[in-house]
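Novice:
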Amino acid sequence: MQKVGLQQTITQTTKLSPSQIQVIRMLEIPSIELNQRINEELQENPALEEGRDENLSDERLNGLEDEFDDNYMPDDGYEEGRQRDPLQNEDFNYEQYVSDDETPGYMLHQPSNPVDEDRREVPIIGGSSLIEELKAQVYLTDMTKPQRHIAKWVLGNIDDDGYLRRTTEQLVDDLMFQEQLSVTDEEMESIVKQIKEFDPPGIASANLQECLLKQLEIKKPQTESVQMAHTILQDYFEAFSKHWYDKIKQRMECTDEQFQSAVQEIIHLNQKPANAFTANMYETQRETIIPDFTIEERDDELFVVLNTGDIPELHVSREYNDMLSEYSAMPQNAETRKATQFIKQKIDSARWFIDAIQQRNETLMRTMKEILKAQYDFFLDGEESSLKPMVLQDIADRTGYDVSTISRVSNSKYVQTRFGTFPLKYFFSEGMTNAEGDEVSTREIKKIMLELIAAEDKHHPLTDDQLSALMGEHGYPIARRTIAKYRDLLDIPVARMRKTV
């Protein structure tokens, strides 16, 4: 008979507290979204109020400012003292629980900003998306109301490049499954055919060949080169994509000049019609990025300024603190206990939110300061060659934060410099040692490689082996396979695909 015994094991798990979750979420969002997040919290939590607490005296406020000196920085682990949940303690002390400090530290302390409060207001450009523009064109057709509904649903199947890669049968089946609408293949084909007449030209094409042919069909005037380009794409698309130019010229019985003129027509067509819309939409209206940081120069020294924008002051409601005091003094029954716990929950949530914003700003500033120190030469001259090799772990070691924290800070964050606005990820790259023994950034290597390819003879483009040899002559000994890897990262085709006739 098999004996069944009891075993005792000890396991260690990590559980995030509400305050840690708040901080993590705050770190991930850029400054442009922070204001919206604050407004949402103000709507959801009545214990959180906007503006300065008028009940605080100037004397008390000055005392609070003195508490935040330039040496204060939060621990990246967000110590347990900050995470204490009063609701887990049945017998809490109200006097210890409610403090007079209701002024947010992130508004009192700006140790990283030695300059005056001069914020550059950058307008946010509004614009409709491609799908919205296409939906507007639906109403310019003679479709019936049910057909317009189906057409707008079909538009949702267009991918980011502007292609409709679903077949008619697939669209019919999907429409039935998702919308419980039954249409025939003929009806769906008719709707899709009308959508393919929308702007930009080539939108909703099933493949590249159809997209390019559509653009050529509407091109004015229909010159000989345009007609020849149409024939090439219509009858010899596979051969053209494989660069079998001699075979095509032989079949079409055309001269080199005629063929080259037709090829130029094809080259200037847009392979991604959705990109054409984006280019047109922002020809006069450029998408605006609100930088999270600004690098400013004062007295020949660079400083980091955190863009707080229109972030309001926040404090815990004095009224809720008074309510908690009143309910705590009452005889505790089921009703008052429930009300007391509700008020405590709201006050806790408000404090965690304020604390999360403070820690977010301090974490952002410490990280950006170290990036500035590491890439100081670049921020001075703006030369890409001045960028030093730097990975996330380097900044993590400098700040004492975890790599995951640095990753969250650098994600979707931008810094404005005298030379333009850059994403923080721009400053991170691997490195290698050149022939002189100096460590250089791979970004500099890629730049030199781009220059070599730009200057190559397009009739005899450089192979990866030739590029490797030329890079070695420039003092960068790089293997052919590394050249191929960088070329793929830069989205540069192989030599035979770069060849022109």
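Take the position in the sequence shown, starting the count at 1, then add 5; the result is the number in the working numbering.
Yeah, the Cβ is synthetic: ideal placement off N, Cα and C, and Gly gets one too.
Please check the pair Ala460 and Leu53, which I expect to be a contact at CB under 8 angstroms, by giving their CB distance rounded to whole angstroms.
Specialist: Here residue 460 is taken as the residue at index 455 of the sequence shown, counted from 1. Here residue 53 is taken as the residue at index 48 of the sequence shown, counted from 1. With 8 angstroms as the limit, Ala460 and Leu53 do not qualify as a contact, their Cβ atoms being about 60 angstroms apart.
Novice: When DSSP labels each residue in this structure, what does Gly56 get in the three-state scheme?
Specialist: Mapped onto the sequence shown, residue 56 falls at position 51. The answer is coil: DSSP assigns Gly56 none of H, G, I, E or B.
Novice: Indicate whether the contact test is met: 3 or more Cβ pairs, each with one atom in the stretch 251-258 and one in the stretch 219-226, closer than 8 angstroms.
Specialist: With the cut-off at 8 angstroms, the stretch 251-258 and the stretch 219-226 do not touch.
Novice: Measuring CB atoms only, is the stretch 403-412 touching the stretch 467-477, in the sense that at least three cross pairs come out at less than 8 angstroms?
Specialist: no
Novice: Just to check, is the beta-carbon of Phe245 closer than 6 angstroms to a non-hydrogen atom of the ligand ZN?
Specialist: Judged by which ligands are present, the structure shown has none, so any question about the ligand ZN falls away.
Novice: Within 10 angstroms of the Cβ of Asn212, are there 16 or more other Cβ atoms? Answer buried if so, exposed if not.
Specialist: Here residue 212 is taken as the residue at index 207 of the sequence shown, counted from 1. Burial call: exposed.
Novice: Going by alpha carbons, who is nearest to Gly480 out of Leu180, Met454 and Gly207?
Specialist: For this step, residue 480 is matched to residue 475 along the sequence shown. Ranking Leu180, Met454 and Gly207 by Cα distance to Gly480 puts Met454 first.
Novice: If you draw a straight line from the alpha carbon of Leu329 to that of Gly387, how long is it in whole angstroms?
Specialist: Taking the sequence shown and counting its residues from 1, the one referred to as residue 329 is at position 324. Taking the sequence shown and counting its residues from 1, the one referred to as residue 387 is at position 382. Near 56 angstroms, if we compare the C-alpha coordinates of Gly387 and Leu329.
Novice: Please tell me whether Leu307 and Phe384 are closer than 7 angstroms, where the distance is taken between their beta carbons.
Specialist: Counting from one through the sequence shown, the residue named residue 307 turns up at place 302. Counting from one through the sequence shown, the residue named residue 384 turns up at place 379. Yes; because the gap between Cβ atoms is below 7 angstroms, this pair is in contact.
Novice: Can you look up Val321 in the DSSP assignment and give me helix, strand or coil?
Specialist: Residue mapping note: residue 321 aligns to position 316 of the sequence shown, counting from 1. Note: Val321 maps to strand in three-state DSSP.
Novice: Out of curiosity, what's the CA-to-CA distance linking Thr505 and Trp249?
Specialist: In the sequence shown, counting from the first residue as 1, residue 505 sits at position 500. In the sequence shown, counting from the first residue as 1, residue 249 sits at position 244. Computed Cα separation, rounded: 11 angstroms.
Novice: Buried or exposed: Met370, going by 16 or more other Cβ atoms within 10 Å of its Cβ?
Specialist: As a first step, residue 370 must be located in the sequence shown, where it is residue number 365. By the C-beta density criterion, Met370 is buried, having at least 16 other C-beta atoms within 10 angstroms.
Novice: Which of helix, strand or coil does DSSP assign to Ser434?
Specialist: By one-based count along the sequence shown, residue 434 stands at place 429. Here Ser434 sits in strand by DSSP.
Novice: Quickly, what does DSSP pair Phe298 with across the bridge? List them, please.
Specialist: Locating residue 298 in the sequence shown gives position 293, where the first residue counts as 1. Partner(s): Leu311 and Val420.
Novice: Under the three-state reduction of DSSP, which class applies to Ser210: helix, strand or coil?
Specialist: Within the sequence shown, the letter at position 205 stands for residue 210. DSSP places Ser210 in strand when its eight states are reduced to three.
Novice: Which residue comes first and which comes last in the beta strand (DSSP E) that contains Pro428?
Specialist: The residue you call residue 428 lines up with position 423 of the sequence shown. From DSSP, the beta strand (DSSP E) with Pro428 extends over Gly425 to Pro428.
Novice: Please report the straight-line C-alpha distance between Ala156 and Asn326, rounded to a whole angstrom.
Specialist: Indexing the sequence shown from 1 puts residue 156 at position 151. Indexing the sequence shown from 1 puts residue 326 at position 321. The alpha-carbon of Ala156 is positioned some 56 angstroms away from that of Asn326.
Novice: In chain order, what residues of the same chain lie with their CB nearer than 8 angstroms to the CB of Leu217, ignoring the 5 residues before and after it?
Specialist: In the sequence shown, residue 217 corresponds to position 212, counting from 1. Excluding sequence neighbours, Leu217 sits near Gly207, Leu238, Ile271, Leu274 and Gln276.
Novice: Per DSSP, Arg303 forms a beta bridge with which residues?
Specialist: Translated into positions along the sequence shown, residue 303 becomes position 298. Answer by DSSP bridge pairing, in chain order: Glu306.
Novice: Name the one or two DSSP bridge partners that Tyr168 has.
Specialist: For this step, residue 168 is matched to residue 163 along the sequence shown. For Tyr168, which the question treats as bridged, DSSP gives the partners Ser210.
Novice: Exposed or buried, His235, counting other C-beta atoms within 10 Å across all chains shown (16 or more means buried)?
Specialist: Your numbering for residue 235 matches position 230 in the sequence shown. The residue is buried, with at least 16 neighbouring Cβ atoms inside 10 Å.
Novice: Keeping to the same chain, check which residues put their C-beta closer than 8 angstroms to that of Asp123; ignore five residues upstream and five downstream.
Specialist: Here residue 123 refers to the residue found at position 118 of the sequence shown. In this prediction, Asp123 scores a pLDDT of 43, lower than 50, which makes its location untrustworthy; no coordinate-derived value is stated.
Novice: Where do the ends of the alpha helix (DSSP H) carrying Lys201 lie?
Specialist: The residue you call residue 201 lines up with position 196 of the sequence shown. First-last for Lys201: undefined, no H or E at that position.
Novice: Just checking my contact of Leu495 with Lys430 at CB under 8 angstroms: how many whole Å lie between their CB atoms?
Specialist: As a working note, residue 495 is residue 490 in the sequence shown. As a working note, residue 430 is residue 425 in the sequence shown. With 8 angstroms as the limit, Leu495 and Lys430 do not qualify as a contact, their Cβ atoms being about 16 angstroms apart.
Novice: How many angstroms separate the CA atom of Leu39 from the CA atom of Tyr491?
Specialist: The residue you call residue 39 lines up with position 34 of the sequence shown. The residue you call residue 491 lines up with position 486 of the sequence shown. Their Cα atoms are separated by approximately 36 angstroms.
Novice: Going by DSSP, which residues form a beta bridge with Met328?
Specialist: One-based indexing of the sequence shown puts residue 328 at position 323. Paired residues: none, contrary to the question.
Novice: Where Pro395 and Phe347 are concerned, what is the direct C-alpha to C-alpha distance, given to the nearest angstrom?
Specialist: Mapped onto the sequence shown, residue 395 falls at position 390. Mapped onto the sequence shown, residue 347 falls at position 342. Going by the sequence as given, residue 395 is Met instead of Pro. Near 48 angstroms, if we compare the C-alpha coordinates of Phe347 and Met395.
Novice: Are there 16 or more other CB atoms within 10 angstroms of the CB of Leu377, so buried, or fewer, so exposed?
Specialist: Mapped onto the sequence shown, residue 377 falls at position 372. Counting Cβ neighbours within 10 Å, Leu377 comes out buried, since at least 16 surround it.
Novice: Looking at the secondary structure, which residues open and close the alpha helix (DSSP H) in which Pro151 lies?
Specialist: Translated into positions along the sequence shown, residue 151 becomes position 146. Its alpha helix (DSSP H) spans residues Lys150 to Leu160.
Novice: Could you tell me how far apart the beta carbons of Glu375 and Glu449 are, in whole angstroms, since I believe they sit closer than 8 angstroms?
Specialist: Along the sequence shown, read from residue 1 onward, the residue named residue 375 stands at position 370. Along the sequence shown, read from residue 1 onward, the residue named residue 449 stands at position 444. No, Glu375 and Glu449 are not in contact; Cβ-Cβ is about 21 angstroms, not under 8 angstroms.
Novice: Which residues in the same chain have their Cβ closer than 7 angstroms to the Cβ of Met193, if we skip the five residues on either side of it in sequence?
Specialist: Here residue 193 refers to the residue found at position 188 when the sequence shown is read from its first residue. By the criterion of a C-beta distance shorter than 7 angstroms, Met193 is surrounded in its chain by Thr173, Leu176 and Val177, once the five residues flanking it on both sides are discounted.
Novice: Would you kindly report the start and end of the unbroken alpha helix (DSSP H) that includes Tyr250?
Specialist: For this step, residue 250 is matched to residue 245 along the sequence shown. Unbroken alpha helix (DSSP H) run through Tyr250: Tyr250 to Met257.
Novice: Output the distance between the C-alpha atoms of Pro151 and Val188, rounded to the nearest integer angstrom.
Specialist: Translated into positions along the sequence shown, residue 151 becomes position 146. Translated into positions along the sequence shown, residue 188 becomes position 183. Spanning the two alpha carbons is a distance of roughly 10 angstroms.
Novice: Taking the alpha helix (DSSP H) that Asn44 falls in, what are its first and last residues?
Specialist: By one-based count along the sequence shown, residue 44 stands at place 39. Looking at the DSSP string, the run of the alpha helix (DSSP H) that includes Asn44 is Ser36 to Glu49.
Novice: Which value, in whole angstroms, describes the spacing of the CA atoms of Leu160 and Ser417?
Specialist: For the purposes of this step, residue 160 is identified with residue 155 of the sequence shown, where counting begins at 1. For the purposes of this step, residue 417 is identified with residue 412 of the sequence shown, where counting begins at 1. Annotation: Leu160 to Ser417 spans about 28 angstroms, alpha carbon to alpha carbon.
Novice: Please go through the stretch 348-410 and give each complete alpha helix (DSSP H) segment of 4 or more residues, from N-terminal end onward.
Specialist: 381-386 and 397-404
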